[in-house]
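K.L.:
Mind having a look at this structure? Questions to follow.
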Amino acid sequence: MSNGWEQVRDARRALLERNAELEALETALTRLCAPGGGPAAAPRGGLLSFAAPAGLGKTALLAEVRARAAAHGCTILSARGGEQEHGMAFHVVRQLMQPVLAAYDEAASRTVLGSWYDIVAPALGLVADAGGSVPDPTGVRDGLDWLVTRLAVQQAPTVLILDDAHWADQESLSWLTAFAPRAEDLPMLVVVAYRPEELPRDAAPFRKLAERHATRPFTLTPLTCDAIASIIREAIGESAEDKFCTECWAVTDGNPFEAVELAAGLRDRGVEGGRDDLTALRELASAVKGKGLIDRLDRLDGAAVRLAWAVAVLGTSATPDITAGVAALGTESAVQAVAQLREARVLAQDEAPDGILQFAHPLIATAVHRAVPAALRVGMHNMAAEAVVEAGLGPTVAARHLLEVPCQGDDWVVHRLRQAAREYVRAGAPDAARRVLARALREPPSPENRAAVLFELGAATFLSAPEVTVNYLREALEEPDVDPELREAITYRLAQALAHTDQVAEAAALAAEEARRTSIPATRLRMQAENFVWSAFRADEPDSAARSRRLARLADHLAGDGLAERYVLGLRAWDCVVHGEPAATALRYAEAALIGGLSWTEDNRGFEVPVAVAMTFMYCDQPGRAEELFTRGMAECERKGWRGAHLAFGHALLGYIRYRRGALAEAETLVREGLRIAERVGGAVPARWYAIGILIEILLARGRIQDAQELADHFSYGDIVPNAVVYPDSRTVYSELLLARGLHRHAEHHLKAVGRRLEARGMRNPAWCPWQLHLARATALTDSPRAVALAEEGVRRARRFGTATAVGEALHCAATVIGGGRALKLLAEAVRELEHSPAGYALAEALVDHGAALRRAGLPQDAAERLYRGLEGAVHCGADGLAERARDELSAAGLRPLQLHSTGTEALTAQERAAAERLALGWPTRRIAEELATPEPVVTRLLSNVCRKMGTDYAGLPRLLELSAHGTAPDGPPPG
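Residues in the sequence shown are numbered consecutively from 5, following our numbering.
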């Protein structure tokens, strides 16, 4: 008896003229299954693809892949695209994963999938909480990546096989296209087969992946005359003449499927392959392609024909029972019809493992489906929709059939399509939801349901086409007698869509109009809050001061009872920041907004206000608190599967906070990840503009001016000015880049425009947008009096806001443009202020400039202390350019420029903690110095380190120390 490998070897003989493909397969499997023994021998996967028109043997080749993989002991995940199922989201993914997960009940599946369960369960066809959150497509793809990676490692080696990839659903193919490159670093081989001429337009990324140089597909070619002769003689005998075999090759064009079908027909007719059989050959040849396949079917009785049609209509839902019902056949008649179809080689000889009837070849399935009379096909799809619902196969299966029937104003159809859309939305497939809801709208729905369908359709298109969302939702609002709760939801979503299509003014006006028209107090308050949100983010708001006064009056009468009130309080806090009101006032409103919670993932709420509240703490010199809120909010988003635009914003702004604290290397990593996510999401994601601006500032701080310029050029940053408020302000950041390159006149032009825009809106906080300080630097050489006036006004505004960082940075700028002896005093004061702040980079920069000024003033001993501290701070921050400048200044002073290296630690030392605890009790630095028997300047430095490490100014220390003592907050920032 032959063993498994011998059986595989014997099977190979059936694959004619595929030696190159089989050799590549064997090489890939050998590499995948190589025994361990060190890194060089570690299992390594990859991608193997086969491309060819229909009938050239792709499926037979994949059967060989399956057999050889099994012989090598591989775990096999297998799926096939379906011509009728290509519109069903995650149809291929379910085929791949459900056999693996079938052994688990819901509890076991939850254990296996862990925190990913609620995110990916709907896509996998598992039981999910009916009221669960709606993940975004990026979150679902990340969850599938995690699951398949885990399977690849735990059940290694693994082979993933996809046949007919050109018919794979868009969601599955998009996921696989993004995941497949990872297989190179996993014990997994991905094998795909497809018809290149039938790949849909949206599969361009898959085509690019399959055709890239390292994984270029094997293109299957027609068989030669010798191979066709081998097939014919194996079927009818070695006596078949050469001329007969040559004619067989000519009529089949070397197509293996047609050759095998022809050989079977010749065998059934008893043809021996002589010269006299050429006429019979040509008759049979016409029966194996195109219309001939249907003529062969028509020769069977009516029951068999109807059953074949039913199988073609049902596709992967063609269980014997459902198929019999759709074909209007009794059980016995259906069994007989199946037998006839198998004997005629229309149906495969065996059912699929899940009991589904299937055609012998995809070409036959296509031909049969196209042959069903149009009117009858519509009726069968109608019957199929009802049958699959009754069989419990779910609304998405029914929806596939309902998409094929004409519109008749049937409420049952609308109901089922809406059910399917909800399932698709829960599965992270909004495009599939859009397709079925668009069909529901054409049905059409009853008047009382039309607004709801329009709303659901608008929500489904929001991620991919927000401009289309606007049209649907405007139409929904025009419907008569819309339920008040639904109207509120429509208005909110429409305002959001308008803002995301750069129509922020329209978004604000819409919310204001709805606030005026509604008679429901809760709705009015919410719409007022939405109006304030979008007005605050308008770059061209006409009367910002009046809006701020209205917001202040409203906030002063609210206690924070309910989410709408907390949103207003949060908006008031942010308004205080951008307008430069005292930081203490902004913090008071921010703290009030957080009482009772301010979630980032509240249903039917944006996350703009929670983010603004967190950023309020950053600008008010409490970045550690801001990091706490960001870490918590981003964790919320990840739990809900919101891993697209939300996480892009989160990473970018968390990086901004780290930048403001002086952790430049960590900041750069975070912001680049935010930019990567934004690019992955695609479209005009606002997070991209935030990330680019922040990254430019980080690169400038690190002394990498050329890198910053290349980044700006790549994204046309500076040429495009968003209509929404972006922080840091894009034109101000671009001006910083121009200043770093020495282009002062160009920078001056841009900064004056920024000043006109922000001054008109009363946005006068240099901590939020330091345009005035940068303009002072830009004009220092050409208009010194103007530069001094600008700098001094910046100092006054910073003192009004009142944070140590704002005052210290403004004083530093003033010293730079004023110069002379007064500059030394201003720099000394700037250092004193910044020593009380968490801004590590700003302090290091001020120390270096103060040291340089002291050296030039002939005070080398004082200069050395400042320069060494500045060098240490620059190295700790990762500010390479600043560190190099500090070393140059030390060398110029005749001092040794130490080669310091950052330790990377953020934990407080015993001395730092002791000083901080006493400061939190209200002790002055002199008393702390006496208590610790330490010079007062040393205590000042210890407390400066505490502020930097804990991310707060002096005022925020008591709270953080208390939390740290109870183990509820770390000494340093959370890990990135």
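Glycine is no exception: its CB is placed at the ideal position from the N, C-alpha and C atoms.
Considering only their Cβ atoms, is the gap separating Leu529 from Val486 smaller than 9 Å?
P.N.:
Not closer than 9 Å, so no.
K.L.:
Would you mind sorting His504 into buried or exposed? The rule is 16 or more other CB atoms within 10 Å of its CB.
P.N.:
The residue in question, His504, is buried, as its Cβ has 16 or more Cβ neighbours within 10 Å.
K.L.:
Give, in chain order, every unbroken run of the alpha helix (DSSP H) that is at least 4 residues long and sits entirely within the stretch 799 to 866.
P.N.:
Taking only runs of at least 4 residues, the alpha helix (DSSP H) segments lying wholly in the stretch 799 to 866 are 808 to 822, 824 to 838, 844 to 860.
K.L.:
Can you give me the Cβ contacts of Leu333 inside the same chain, cut-off strictly under 8 Å, excluding the 5 residues immediately before and after it?
P.N.:
Closer than 8 Å at Cβ, skipping near neighbours: Ala307, Arg310, Leu311, Ala341.
K.L.:
Does the Cβ-Cβ distance between Ala878 and Leu894 come in under 9 Å?
P.N.:
Not a contact, by the Cβ cut-off of 9 Å.
K.L.:
Bridge partners of Asp167, per DSSP?
P.N.:
According to DSSP, which records beta bridges pairwise, Asp167 is partnered with Arg84.
K.L.:
Taking the straight line between their C-alpha atoms, what separation do you get for Trp927 and Glu935?
P.N.:
Spanning the two alpha carbons is a distance of roughly 10 Å.
K.L.:
When you compare only the Cα positions, how much space is there between Thr225 and Glu68?
P.N.:
Near 17 Å, if we compare the C-alpha coordinates of Glu68 and Thr225.
K.L.:
Taking only three categories from DSSP, how would you classify Tyr198?
P.N.:
Looking at Tyr198 - three-state DSSP - the assignment turns out to be strand.
K.L.:
Taking DSSP's pairing of strands, which residues face Phe222 in a bridge?
P.N.:
Its beta-bridge partners are Phe54.
K.L.:
Start and end of the alpha helix (DSSP H) containing Glu276?
P.N.:
Where Glu276 is concerned, there is no enclosing alpha helix (DSSP H), given that its DSSP letter is neither H nor E.
K.L.:
Within the chosen definition, does the stretch 111 to 119 reach the stretch 62 to 82 through at least 3 CB pairs nearer than 8 Å?
P.N.:
The answer is no - the stretch 62 to 82 does not touch the stretch 111 to 119, with fewer than three Cβ pairs under 8 Å.
K.L.:
Whole angstroms are fine: how far does the CA of Ala379 sit from the CA of Pro488?
P.N.:
One C-alpha to the other measures close to 43 Å.
K.L.:
Can you look up Gly42 in the DSSP assignment and give me helix, strand or coil?
P.N.:
Caution applies to Gly42, whose pLDDT of 41 falls short of 50 and renders its modelled position unreliable; the model cannot decide the point.
K.L.:
Hey, how far is the Cα of Gly8 from the Cα of Met192?
P.N.:
No answer about Gly8 holds up, because its pLDDT of 32 lies below 50 and its placement is not dependable.
K.L.:
Per the DSSP calculation, Tyr721 is bridged to which residue(s)?
P.N.:
Paired residues: Ile724.
K.L.:
Measuring straight from C-alpha to C-alpha, what distance separates Thr882 and Gly707?
P.N.:
Note that residue 882 is Gly in the sequence shown here, rather than Thr. Cα-Cα distance, rounded: 10 Å.
K.L.:
Along the chain, where does the alpha helix (DSSP H) that runs through Val124 open and close?
P.N.:
From DSSP, the alpha helix (DSSP H) with Val124 extends over 121 to 128.
K.L.:
Under 8 Å Cβ to Cβ from Gly41, same chain only, skipping five residues before and after it: list those, please.
P.N.:
Only weak support exists for where Gly41 lies, its pLDDT of 41 falling under 50; the coordinates are left without a value.
K.L.:
Assign Ala263 to one of two classes, buried (16 or more other C-beta atoms within 10 Å of its C-beta) or exposed (fewer than that).
P.N.:
With 16 or more other Cβ atoms within 10 Å, it is buried.
K.L.:
Does DSSP classify Phe363 as helix, strand or coil?
P.N.:
Note: Phe363 maps to strand in three-state DSSP.
K.L.:
Arg22: buried (16+ other C-beta within 10 angstroms of its C-beta) or exposed?
P.N.:
With 16 or more other Cβ atoms within 10 Å, it is buried.
K.L.:
Roughly how many whole angstroms lie between the Cα atoms of Gly890 and Leu946?
P.N.:
Note that residue 890 corresponds to Ala in the displayed sequence, not to Gly. Cα to Cα, the separation comes out at about 21 Å.
K.L.:
With distances taken Cα to Cα, identify the nearest neighbour of Leu36 among Val194, Ile702, Glu763, Ala914.
P.N.:
The option with the nearest alpha carbon to Leu36 is Val194.
K.L.:
Answer yes or no: do Asp149 and Ala107 have a C-beta to C-beta separation smaller than 9 Å?
P.N.:
In this structure, Ala107 does not lie closer than 9 Å to Asp149 by Cβ.
K.L.:
Find out if the Cβ-Cβ distance for the pair Pro399, Val418 is shorter than 9 Å.
P.N.:
No; because the gap between Cβ atoms is not below 9 Å, this pair is not in contact.
K.L.:
Is the beta carbon of Ser137 less than 9 Å from the beta carbon of Thr465?
P.N.:
No, they are not a contact pair.
K.L.:
Between Leu703, Ala705, Ile700, Gly678, which has its C-alpha nearest Arg692's C-alpha?
P.N.:
The option with the nearest alpha carbon to Arg692 is Gly678.
K.L.:
Using a Cβ-Cβ cut-off of 6 Å (strictly less than) and excluding sequence neighbours within five positions of Ala197, which residues of its own chain qualify?
P.N.:
Counting only Cβ-Cβ distances below 6 Å, and skipping sequence neighbours, we find Phe54, Lys62, Leu66, Asp167.
K.L.:
On the criterion of 16 or more Cβ atoms from any shown chain inside 10 Å, does His561 qualify as buried, or is it exposed?
P.N.:
That one is exposed.
K.L.:
Where do the N-terminal and C-terminal ends of the alpha helix (DSSP H) with Lys247 fall, by residue?
P.N.:
Looking at the DSSP string, the run of the alpha helix (DSSP H) that includes Lys247 is 246 to 256.
K.L.:
Taking Leu573 as part of the alpha helix (DSSP H), name the residues at either end of that continuous run.
P.N.:
Note, Leu573: alpha helix (DSSP H), 567 to 583.
K.L.:
Can Gly59 and His365 be called in contact, C-beta distance under 9 Å?
P.N.:
Yes; because the gap between Cβ atoms is below 9 Å, this pair is in contact.
K.L.:
Could you check where the alpha helix (DSSP H) with Trp313 kicks off and where it finishes?
P.N.:
Element bounds for Trp313: 306 to 318.
K.L.:
Using the DSSP secondary-structure output, state which residues sit across from Thr605 in a beta bridge.
P.N.:
According to DSSP, which records beta bridges pairwise, Thr605 is partnered with nothing at all.
K.L.:
Helix, strand or coil for Leu351, going by three-state DSSP, please let me know.
P.N.:
If DSSP states are grouped into helix, strand and coil, Leu351 belongs with the strands.
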